Amino acid sequence: MKFTQKPFIIIGSGIAGLYTAIKLSEKSDKEILIITKSDLRESNSRYAQGGIVGVLPENLEDSVELHVKDTLDAGAGLSDPDVAKFISEKSSDAVKDLIFYGVDFDKQPDEKIELTLEGAHSVNRILHSGGDATGRSIEIALSNLVENKPGIRIYKKTIAVDLLIDSENRCKGVIVFDKTTGEYEVIFSSAVIIATGGAGQVYSRTTNPRIATGDGIALAYRAGATVQNMEFIQFHPTALNFEENGSRFLISESVRGEGAILKTPDGEQFACKYDERGDLAPRDIVTRAIFFEMKENGYDHVILDTSKIPEEKLKARFPNIIKACEENGIDMLKGSIPVSPAAHYIMGGIKTSVRGETSLTGLYAVGEAACTSFHGANRLASNSLLECVVVANELAQLLTEKELLIPSQNNDCKINCLISEYEKNYFDYQPDVLEFVEKIRETMWENAGIIRHDAGLREALKTITELKLEFDRQYKCRNANEYDFRNLLAISELITKSAISRKESRGGHFREDFPETSLKAFNSFISKELNCGMFLCL
Ligand code: FAD
Ligand code: SIN
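Note that this note's numbering has the sequence shown beginning at 606, numbered continuously upward.
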């Protein structure tokens, strides 16, 4: 076991982690360590398509007030208006910063930035890059910068497996596992920043890549941090109806923004039956509309009809979607893509302020792993990338204002006990963990997915409990797959328990047995000490 010290540790190299690193390196000359579980550029961020919200002063149709209203409407009573206003007001500067860092947003022929529309936005306000490759453009620009900054070190293919929490519940560092060498390192730090992204892999149908196993949320919860609103999962209406390497390729909402229409395989339009905003209603509504149509009529998918969009426009705006369709034998230019819903985003996560502070001293969180109360019960499209960069900037500022001391090694009994768990060798039992992973993902999709009810949720909880007993790995695991599974189990339990406790329907959480929305909106909080849902009224 190796022991080291670093002033700042950032876990995750998506847009939230990279942006935090860049901003911190501009404001501080202390060393920054980025730990990332796969390659530097592999993340949910890399696959973001539609774009990033920018309330730009030159867009006279738009305003902070209007963006806040759209965000709060989508958030179904749980978005914090102050947080929404704060983030919206910073969006124009965030866009300027990204351009400064090398992101090339698509422009109109007159060189003005091109803005598109997505579901539940009142006006065109979404900037995009590379047509439909916004995430990739931002991720590449930021990772190129990070790789060339002398003060930033990067540990690739390295998993954060536990946080060092001392006897006074302060975070003092992290234990990491090098997937290539199989070695562990204990790193003491004055600030640990979780930027580990989402948890879509909890579900058998998801747009998220394999890395999205909710690790940071699981780690923070194990460490005693408060997590919030875990029952709120966003299911994207239109994933390509094919599975590849554990995930489904997204067909961006901006395709509907540009005029595509949802139809049944028999050619009937249906979205307007469910909401007057039709195909561009908020995601939870469109997802349920598709789900009901599929269930009622026994369809395995519905059709996204792109025939109304001129071919030249399709080619310019959606080159990557055209390519992905082609690879699956579908000619998007012919106008008919088979789609179905898939888990896409987790609105809940580690409870934080807009400056990334968690309930534990020394522990910070940013990006999809955090819950700032911006998205509420349902995220407005393209608000996630915006939140990542705005909160990352605030967090970097906060950390440079603080007088932070790197903790001295190993003088706390709670920390020593934890470290000793990772020094043991005790692998008599070697389960087929990949089989367990598939079981949990299928159970969650069937019982804690788009439409929920008490009996199904309890069935999911029963499977989780059985798997927990069978798996029996509290601390050290045998390999990366086991760590993923340990976290998937923890996240599944948090989602399921929170969903059982919320006896109403709201945003991304729909209960067949409680279809109404309560008059009083409330956030749910869960922490290890309570080990059960605790609801506080707003
Ligand atoms: P990620 O980008 O997911 O990065 C997480 C990082 O943490 C990765 O580097 C991962 O390897 C690392 N990591 C995880 N666990 C560990 C661990 N234990 N140890 C070490 N490293 C770890 N949002 C928008 O606003 N606009 C869009 O157009 C848009 N399109 C999307 C399209 C798709 C297909 C998907 C999946 C999401 C989309 N989203 C979009 C959502 C958005 O992309 C994500 O919410 C956002 O990118 C999350 O960024 P992040 O930095 O928080 O996490
Ligand atoms: C999409 O392009 O449809 C995804 C946008 C988002 O998740 O914000």
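Glycine included, C-beta positions come from ideal geometry on N, C-alpha and C. In this text, all values refer to a predicted model and were calculated from it rather than measured experimentally.
Of the choices the options, whose alpha-carbon is the least far from that of residue i?
i, options, result
"N1030", "L1062, V995, C1082 and N983", "C1082"
"G656", "L938, L1093, G883 and S734", "S734"
"D1037", "A725, E1087 and A975", "E1087"
"V658", "L722, K712 and S648", "L722"
"V708", "E1040, S748, G724 and E931", "S748"
"T812", "A746, G940 and H949", "H949"
"F1115", "Y624, F896, E663 and E881", "F896"
"A756", "A986, T1122, D1077 and E631", "Per the sequence presented here, residue 756 reads as Gly, with Ala not at that position. Considering only alpha carbons, the answer is E631."
"E873", "Y904, K717 and Y789", "Y904"
"L968", "L990, V995, L1009 and D685", "L1009"
"A699", "S650, K628 and T676", "K628"
"L768", "Y826, H906 and N834", "Y826"
"G953", "G972, K939 and D936", "G972"
"A844", "E670, T625 and V907", "V907"
"T739", "S859, G829 and K939", "S859"
"Q610", "D1118, S1110, R758 and V832", "R758"
"Y624", "R1107, I1045, E744 and I866", "E744"
"A982", "N664, A823 and G680", "G680"
Decide if residue i is buried, meaning its Cβ has at least 16 other Cβ atoms within 10 Å, or exposed.
i, result
"G736", "buried"
"P946", "buried"
"G1144", "Nothing in the structure corresponds to residue 1144, since the chain is present only between 606 and 1143."
"R853", "buried"
"F979", "buried"
"N1136", "Model confidence at N1136 stands at a pLDDT of 48, short of 50, so the residue's coordinates are unreliable and nothing is read from them."
"P612", "buried"
"L1141", "At L1141, the pLDDT of 39 sits below 50, so the modelled position is not reliable and the matter cannot be decided from this model."
"K1133", "exposed"
"M606", "exposed"
"L1124", "exposed"
"Y808", "buried"
"L943", "Reading off the sequence shown, one finds Pro at residue 943, where the question assumed Leu. It counts as buried."
"I616", "buried"
"R1063", "exposed"
"E916", "exposed"
"E666", "exposed"
"T763", "buried"
"L1099", "buried"
"Q654", "buried"
"Q806", "buried"
"R1091", "buried"
"K900", "exposed"
"E898", "buried"
"N834", "buried"
"T801", "buried"
"R861", "buried"
"G787", "exposed"
"M1139", "Here M1139 scores only 46 on pLDDT, less than 50, and its place in the model is too uncertain to base an answer on."
"Y1034", "exposed"
On the premise that residue j lies in contact with residue i, defined as a C-beta separation below 8 Å, what is that separation, rounded to the nearest angstrom?
i, j, result
"L661", "S697", "6 Å"
"Q839", "R741", "The pair is not a contact, with the Cβ atoms about 21 Å apart (cut-off 8 Å)."
"T963", "K956", "7 Å"
"P842", "R888", "6 Å"
"T1101", "A1053", "5 Å"
"A970", "G961", "6 Å"
"D1017", "D771", "4 Å"
"A997", "A621", "5 Å"
"I1169", "V751", "The structure shown does not extend to residue 1169, since the chain spans only 606 to 1143, so no value can be given for it."
"K918", "E863", "7 Å"
"V781", "Y789", "7 Å"
Is there contact here, the stretch 812 to 822 with the stretch 1009 to 1025, by at least three beta-carbon pairs under 8 Å? no
Measuring CB atoms only, is the stretch 1067 to 1076 touching the stretch 1042 to 1057, in the sense that at least three cross pairs come out at less than 8 Å? yes
Shell residues, 5 Å Cβ cut-off relative to heavy atoms of the ligand SIN: Q654, G655, S857, E858, A986 and S987
So, does the stretch 1017 to 1026 touch the stretch 924 to 933, judging by three or more C-beta pairs under 8 Å? no
Is the stretch 927 to 940 close to the stretch 889 to 907, with three or more CB pairs under 8 Å? no
Touching by the beta-carbon criterion (3+ pairs, under 8 Å), the stretch 673 to 691 and the stretch 703 to 719: no
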